[in-house]
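Quick note: the sequence shown uses my numbering, first residue 8, plus one each step.
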Amino acid sequence: MIIQDINLNGFKSVDPSIGLDLTAIENKSILSARAENKRFLFKSLLGIIYGLSDFEKPDFKDYESMIFTGRTNLKFDDYILHIERDFETGIVAVLSEGKEKQTPVFQGKDTNLGNSSRPYIHILESFFSINDKSFLIEVCKDNLESDKSTFGELLDLLYLFLRPKFKLAAIRKLIDSSNNIITNTAYKNNGNKPADDIKQSSTKLQLLKNAKKIEQSCTSLRTDIDKLKKFWMDLSDRPLRTNGMDASLKQRFPLIYHLDATKVKKEIQFLNSLQENHRELYKKIQELNNQKTEHDKLLNQKLLVYANLPDTFIEDFQKYQNLSIDLAHMKNEYDKLSIRIGTLQIELNQKKKNELLTYSISLLSILIAGLISFPSQIFETLGAMLIAAVIEFLVFRKIKQNIFFVIETTQLKQTLLKKKIQTVEAEIFSLRNESYLLDDLEYIDTHIERFKKYKQVKEKQQILKTQKLALQKKLESEKYAITIPKLERKYKNLLALNPEDGLEKYLDEFEKTQNAAMKISRQNRTKDRLIPLQKIIVKYQTMLKELDKTKGYIKDFLDSENLENDIDSQIATFERNLTHLKQKLNIENPPG
């Protein structure tokens, strides 16, 4: 018997268009499901077969869906059992599908889940050995709570408790088949020896195959007995929680009586702690938002004029001051050079005038003196005049050259200084464009102080942004974004209960009452619920004895003391001999 598939409609996080076919290769990952996914699938499967209580339904139902149904198919050897349940109406339909026809097994309501005399459960007893859902959850508890085990491992464990009837019936069929062969086989020689040999070989081959199946069945039964005994001993040493819940516990704590009080209390305390931390984080984020709002207000109303200034505004001002002073000095020097050039130019012009006047006076003086003193030596007088003129020309030329040189040198200095002035003016213009408050010298000190304030506020805003991101990252972490909603959903009804004395006292009372109930359960422990488990063990042990007895019959019939040794090789030998005999019979008695 295997569970072929599970179909869930109206369940949380399940696409109704996708059936969970457990036999499909592409769905192998379903059998590998772990943790919450595994628990969800397993409890959904048990819910389909045995039903969900009103307390359990909120954990599975998708309230956005109009339907809430489940179906599973269980494959036996020669038929398939279909079980479909409508969780809203409680209607269950069970259908058996064989090779040729379908047979309705049950159709009706199954709503009173706490009633042991449910007609539907009596139907299931025809197929399964154990039909107590709480017992199955209890024996699967360790695997169910472990995040390491898989859904496939849980199913194997479930099969251990559901398959015994099917398994015993299959083994019984195998034993009866073997006994019938041994009992009803008689060897008669009708003169057709090959035909007799074929019949004998076929009989022995079938018994060998049965012997192999019997050996496999023995191994399987022994393994299952060991597992069942271990469960029986473990369950005998501990009280089953659901048995420890008396009527008073159910009445006083109807929503949580079936849960572990210590675990519930711990998870509620953990939830409260997470919620408190969540509120604190949210409060801090709000405080950071308020501070940011105040800073934004300050920036926009009082410091907005500094928003477009470069970060180097203060350094720019120092540079602007130094450049302005340098520019003033350079312009002053430039003006001095201009005056100097003008003075030299005047001096040069004056020298030119003096040169003409000197030429005139000196030559005239020499001419008059020569004519008076040496009237007969006119040519000598003219020569003297020429010499005097050349001397004067050379003297004045030297003087003018000196003045020209000073003018040119001064003009070169002025040209270089003008380029420097233009460079400084360009730098000052660039600074003015970027730092547009530099010219407001009357309030420059105020601007600098406010600009410092602006930068401080901007830095604080960046710090606030970093702190806010860190807090938001915490809020988005698993324990706040996932664990809180998960626990709130899990204990939705409990949290909405709002007990008069408070939830904490309510849970303390629940834990105290449950501990008392479990103490009474331990003192008056009954193993009634373990009787079905013990019956399975006894039936398996009885069946083992029958298998051993049948195995002995087969050994005697085949006259083989070493039947278990290399049985596959013996089967192969018989199959070859049988093929050979059939070929021989066809040769001796050809058709037609």
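All C-beta atoms in this analysis are idealised placements derived from N, C-alpha and C, irrespective of residue type, glycine included. As the structure is a computational prediction, the values presented were derived from the model and not from experiment.
Three-state class that DSSP yields for residue i in the structure shown
{"i": "N315", "result": "coil"}
{"i": "R404", "result": "helix"}
{"i": "P111", "result": "strand"}
{"i": "G88", "result": "Residue 88 is actually Leu in this sequence, not Gly. Three-state result, L88: strand."}
{"i": "S331", "result": "helix"}
{"i": "L423", "result": "helix"}
{"i": "K546", "result": "helix"}
{"i": "L602", "result": "Any question about residue 602 goes unanswered here, given that the chain covers just 8 to 599."}
{"i": "G251", "result": "Note that G251 scores a pLDDT of 39, beneath 50, so its modelled location is shaky and nothing firm can be said."}
{"i": "L214", "result": "helix"}
{"i": "D154", "result": "coil"}
{"i": "D241", "result": "helix"}
{"i": "H265", "result": "coil"}
{"i": "S209", "result": "helix"}
{"i": "S227", "result": "helix"}
{"i": "S136", "result": "coil"}
{"i": "E63", "result": "coil"}
{"i": "F517", "result": "helix"}
{"i": "D555", "result": "helix"}
{"i": "S437", "result": "helix"}
{"i": "F260", "result": "coil"}
{"i": "S567", "result": "coil"}
{"i": "D163", "result": "helix"}
{"i": "D233", "result": "helix"}
{"i": "D573", "result": "coil"}
Terminal residues of the beta strand (DSSP E) in which residue i lies
{"i": "N80", "result": "T76 to K82"}
{"i": "N14", "result": "I9 to N16"}
Per DSSP, cross-strand counterpart(s) of residue i
{"i": "I98", "result": "K116"}
{"i": "E495", "result": "For E495, which the question treats as bridged, DSSP gives no partner whatsoever."}
{"i": "E104", "result": "I87 and Q109"}
{"i": "I371", "result": "With the sequence shown as reference, residue 371 is identified as Leu, and Ile is not the correct amino acid for it. Bridge partners of L371: none, in fact."}
{"i": "K68", "result": "F18"}
{"i": "L27", "result": "I13"}
{"i": "D508", "result": "Answer is none; D508 lacks a bridge partner."}
{"i": "D93", "result": "T76"}
Terminal residues of the alpha helix (DSSP H) in which residue i lies
{"i": "H603", "result": "Residue 603 lies beyond the stretch modelled for the chain, which goes from 8 to 599, so this question has no answer here."}
{"i": "K460", "result": "I451 to L482"}
{"i": "I128", "result": "P126 to L131"}
{"i": "V146", "result": "K140 to V146"}
{"i": "L53", "result": "A42 to Y57"}
{"i": "S185", "result": "P171 to N191"}
{"i": "I38", "result": "Here residue 38 turns out to be Leu, not Ile, going by the sequence shown. Start and end: K35 to L38."}
Inter-residue spacing [alpha-carbon to alpha-carbon] between residue i and residue j
{"i": "S372", "j": "R347", "result": "36 angstroms"}
{"i": "T118", "j": "L478", "result": "48 angstroms"}
{"i": "K426", "j": "I398", "result": "43 angstroms"}
{"i": "A523", "j": "K546", "result": "37 angstroms"}
{"i": "N14", "j": "D163", "result": "19 angstroms"}
{"i": "R6", "j": "F238", "result": "Residue coverage of the chain in this structure runs from 8 to 599, which leaves residue 6 outside it and unanswerable."}
{"i": "K220", "j": "I182", "result": "10 angstroms"}
{"i": "T580", "j": "Q109", "result": "42 angstroms"}
{"i": "F158", "j": "I87", "result": "22 angstroms"}
{"i": "R457", "j": "K343", "result": "41 angstroms"}
{"i": "T249", "j": "P261", "result": "With a pLDDT of only 45 at T249, under the threshold of 50, the placement of this residue in the model should not be trusted; the figure read from the coordinates follows. Taking the straight line from one Cα to the other gives about 13 angstroms."}
{"i": "K19", "j": "K148", "result": "23 angstroms"}
{"i": "S39", "j": "H285", "result": "34 angstroms"}
{"i": "K35", "j": "L29", "result": "7 angstroms"}
{"i": "Q642", "j": "Q282", "result": "Outside the displayed span of the chain (8 to 599) sits residue 642, for which this structure offers no information."}
{"i": "P492", "j": "E287", "result": "17 angstroms"}
{"i": "A176", "j": "Y487", "result": "53 angstroms"}
{"i": "K557", "j": "Q11", "result": "The question names Lys, yet the displayed sequence has Thr at residue 557. Those two C-alpha atoms are separated by around 33 angstroms."}
{"i": "A31", "j": "I37", "result": "10 angstroms"}
{"i": "I56", "j": "D66", "result": "17 angstroms"}
{"i": "F517", "j": "L256", "result": "8 angstroms"}
Three or more C-beta pairs under 8 angstroms: does that hold for the stretch 98–108 against the stretch 501–509? no
Touch test, the stretch 145–156 against the stretch 63–81, Cβ-Cβ under 8 angstroms, three pairs minimum: no
Hey, is the stretch 489–499 in contact with the stretch 312–320, meaning 3+ C-beta pairs nearer than 8 angstroms? no
Count Cβ pairs between the stretch 401–416 and the stretch 322–341 that sit closer than 8 angstroms; are there 3 or more? no
With contact counted as at least three CB pairs below 8 angstroms, one residue from each stretch, are the stretch 259–270 and the stretch 445–453 in contact? Between the stretch 259–270 and the stretch 445–453 there are fewer than three inter-stretch CB-CB distances shorter than 8 angstroms, so the stretches are not counted as touching.
Are the stretch 158–174 and the stretch 132–142 in contact at 8 angstroms, needing three or more beta carbon pairs? yes
For the pair the stretch 513–520 and the stretch 74–81, tell me if three or more CB-CB distances fall below 8 angstroms. no
Would you check if there are 3 or more beta carbon pairs closer than 8 angstroms linking the stretch 465–482 to the stretch 283–293? With a cut-off of 8 angstroms on Cβ pairs, the stretch 465–482 is in contact with the stretch 283–293, counting three or more such pairs.
Across the stretch 349–360 and the stretch 426–446, are there enough close Cβ pairs to call them in contact, namely three or more that are closer than 8 angstroms? Flag = no, the stretch 349–360 and the stretch 426–446 do not touch.
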